[in-house]
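Using the working numbering, read the sequence shown as starting at 493 and increasing by one per residue.
A virtual CB, placed ideally from N, CA and C, is assigned to each residue, including glycine.
Treat the numbers as computed from the prediction; the structure is a model and nothing was measured.
Input: a single structure, listed below in structure tokens.
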Amino acid sequence: MPEGGALLYRVQKHAARRLHYDFRLQLGSVLKSWAVTRGPSLVAGERRLAVAVEDHGLDYADYEGVIAPGSYGAGVVLLWDRGTWEPDGDPATALAAGSLAFTLHGEKLSGRWRLTRMRPRPHERHVSWLLIKSHDAAARRTGEPDILEENPLSVVTGRTVEDMAAAAA
């Protein structure tokens with residue numbers, strides 16, 4: 493845990509069956525986790541589907557590597573962003589209510605954000621949320637460079653997913 497009890501924030505770029513970004517926020521002794529299929533967007537108001545997945549232990553916060561074929565989540569995991577986050581109010585209560593507003597202090601993503609739970613659909617196995625960037629100084633306008641394309645590298649090693657896959661082959 494960072495100094496002063498700050499809460500961890502992470503985004504792991506995960507080249508599994510389908511490329512997605514695992515968005516993780518520390519809550520107590522776990523990382524609450526969402527799979528963001530198109531990755532986070534810095535464009536204010538742009539909604540990105542974030543599917544709730546199982547919590548991960550804090551020991552997974554800095555994981556970067558290759559998960560072996562045949563294992564759950566098999567593929568390359570790259571630590572795309574890291575930092576801390578601050579919830580508005582009590583995060584457990586906000587998540588239970590379906591609307592969490594927070595501030596990120598990451599190396600790539602920063603500023604105000606929110607996660608809003610969507611109405612469940614019949615036969616849905618996982619709970620769907622929307623990850624939305626708020627209008628603030630860290631936001632971008634539609635048409636400005638996409639942070640995912642502009643900065644695809646690991647914050648730890650400076651490598652790409654392709655570099656990591658090739659090194660593991």
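Original post:
Is ILE624 closer than 8 Å to GLY520 when the C-beta atoms are compared?
Top reply: GLY520 is not a Cβ neighbour of ILE624, given a cutoff of 8 Å.
Subject >> In DSSP terms, what ASP514 is bridged to >> reply: GLN504 and ALA527
**OP:** Provide the residue span of the beta strand (DSSP E) that contains ASP655, from first to last.
**Re:** Here ASP655 belongs to no beta strand (DSSP E); instead the alpha helix (DSSP H) covers 653-660.
Subject >> Buried/exposed call for GLY635, threshold 16 Cβ in 10 Å >> reply: exposed
Subject >> Where the beta strand (DSSP E) through ALA542 begins and ends >> reply: 539-549
Subject >> Residues that DSSP places opposite ILE662 in a beta bridge >> reply: Here the chain has residues from 493 to 661 only, and residue 662 is not among them.
Original post:
With a CB to CB cut of under 7 Å and the five nearest residues on each side skipped, what residues in its chain are close to GLY598?
Top reply: Cβ neighbours of GLY598 beyond the five flanking positions: TYR501, ASP573, ARG574 and GLY575.
**OP:** Would you mind reading off the limits of the alpha helix (DSSP H) that contains GLU641?
**Re:** 639-642
Subject >> Residue-level contact to chain B via CB, ARG530, 8 Å cutoff >> reply: Of the protein chains in the structure, only one exists, and it is not chain B.
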